[in-house]
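To convert, note that position 104 of the sequence shown is 105 in the working numbering; the numbers rise steadily by one, no gaps. By construction, the Cβ of each residue, glycine as well, lies at the ideal position given by its N, Cα and C atoms. As the structure is a computational prediction, the values presented were derived from the model and not from experiment. Heads up, the thing below is written out as structure tokens.
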Amino acid sequence: MFHRLPEGAGAWQVYGGTPDNIHYSELDEINRANVSRLSLAWRYDTGDEFPESEMECNTIVVGNVLYATTPKLRLIALVAATGKLLWSFSPPEEKPLRKLRNRGVTYWSDGSDGRIFLGAGHNLYAIDAATGKPVASFGDAGHIDLREGLGRNPQLLSVTPTTPGVIYKDLIIVGTALPEDLPCPPGDIRAYDVRTGKMRWIFNTIPHPGEFGYDTWPKDAWKYTGGANNWAGMSVDVERSLVFVPTGSAAFDFYGADRIGDDLFANCLLALDTRTGKRVWHFQEVKHDIWDRDFPAAPALVTVERDGRAVAAVAETTKSGYVFVFDRETGKPLFPIEYRKVPASDVASEKTAETQPFPLLPAPFGDQEFTKDLVTDRTPQAHQAILARLAKLRYGGQFIPPSREGTVIFPGFDGAAEWGGPAFDPTSGVLYVNANVMPWILRLVPRPEARGMVSGHELYLTSCSSCHKVDLRGSPPEFPSLENIGRKYKEP
């Protein structure tokens, strides 16, 4: 049985509702008896639509002000009761290149000074909550560059904070979204002073020499590989000074010959000391991930009754359709976890882990294996066509390795669970989670060998034009213009 004593009275100042990320509100004016009679109170048009634009923002409300982000990464403040625009902040030159994801903002206040933290492009901005102006004393005139401090050339890194950071006292703790392939920066977790922007601590998710987990990678992997990042958000236990950080896979997602080993701390639930960034405990859900099985959402901090006593617990949902539940303080599983042998890869130079963890409870909320029974019966022709396709593929349980023939990935790359995360009702003890079930086919294709000389123009079109554009104009500042690049390099 799950339960938790509620905090506050319906405030929603934090992404996820409260630092424990249970998405629960005590407000009861709208209920099952009257929800059918709801009508539109107001609408606000951001005017920011563009091809392929999307809006994933989870708004927060502080007092009577609603804060949100738009498809073009503008930060807006609206009167929550009417939708009237109070102010708008546009990050300098953060122009949309393609889909831009931002899932919300972070609020901090010491009672007199209130700030909204916005991640846009590779920057973290501190904005005055009352005026919408950058806080000049924070970082470089109101922002910090998150490409810096990772031990590599900042100009060569792609780093984007898509999910809002979390607050602990005077710290904002952030993770970032990274490329899914190489080259890729490390997914280090960092904490910054909310007033000055100075970095106060960093946790290396790809361990350096002498750090725990270094021997789960090839020698010096921290210098060249990347990923193991937190793009899904975090949860904070303020009382225990713990931040719970779910991480994703290492890069490249689907082939790990250059990162043989278990790859700590990729695919981990990390419990870090909020004050220092030191690791308290960790659990790795997928060893040597080659299926893109990132932890997809911030965990829910709940309380579980065990043997007549209340245990402070953390519940993490997964893409595989399982829920893992641990003691917050010790990391001890509250339900048995079984390590089972899984198939080995037959792809050249790849070496998969021999075993992977499977929780015995709670029961999975998503289908675990794609079988012939799940093949569509929409029409006899469709049924036979899928069976014929399936006969040429590898399929089975969760850990069938990627292959050149094609492997069915199930429940799929977008779930079971995804970034919306679970919701928890402390009055009923029920954890709610949306389950996405859609099979994908993953097929590895050998990289063709180079045949003779390749022109610079061909290399540019295949490797550079997606970012810097065919016309060389790019999309500054993320992808600078390369027009007249030869002249620029020759100039003194």
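Quick check on DSSP: helix, strand or coil for residue i?
i	result
D374	helix
Y169	strand
T70	strand
D216	helix
A298	coil
S404	strand
R201	strand
H289	coil
Q369	coil
H144	strand
S91	coil
R444	strand
P155	helix
S236	strand
V15	strand
F327	strand
V36	helix
So the beta strand (DSSP E) residue i belongs to, where does it begin and stop?
i	result
A314	310-318
A497	The question about residue 497 has no answer, for the chain in this structure spans 2 to 493.
Y433	431-433
C269	269-274
K342	338-342
W109	107-110
Y126	124-129
Q399	Element bounds for Q399: n/a, residue is neither H nor E.
Can the beta-carbon of residue i be found closer than 8 Å to that of residue j?
i	j	result
N22	A345	no
D293	F411	no
V174	V66	Note that residue 174 corresponds to Ile in the displayed sequence, not to Val. No.
A313	E339	no
F266	F327	no
L28	T70	no
A233	H289	no
S350	A258	yes
A272	G249	no
I61	Y108	yes
W202	T83	no
T163	R104	yes
G176	N231	yes
Q357	G322	no
S242	A299	no
Any idea if residue i is buried or exposed, counting beta-carbon neighbours within 10 angstroms, 16 or more meaning buried?
i	result
E317	buried
I31	exposed
E450	exposed
R532	In the structure as shown, the chain starts at 2 and stops at 493, and residue 532 therefore has no counterpart that could be examined.
Return the first residue and the last residue of the alpha helix (DSSP H) that residue i is part of.
i	result
P381	381-391
Y256	That residue, Y256, is in no alpha helix (DSSP H); it is neither H nor E in DSSP.
Y225	222-225
Measuring straight from C-alpha to C-alpha, what distance separates residue i and residue j?
i	j	result
R153	P186	8 Å
R280	T206	10 Å
I401	T408	7 Å
Y16	E419	15 Å
K373	A142	59 Å
L483	Q156	14 Å
I77	K220	47 Å
W282	P334	12 Å
L98	R75	With a pLDDT of only 48 at L98, under 50, the local geometry of the prediction cannot be trusted, and no value is derived from it.
K393	F359	28 Å
S159	P180	7 Å
A424	P447	42 Å
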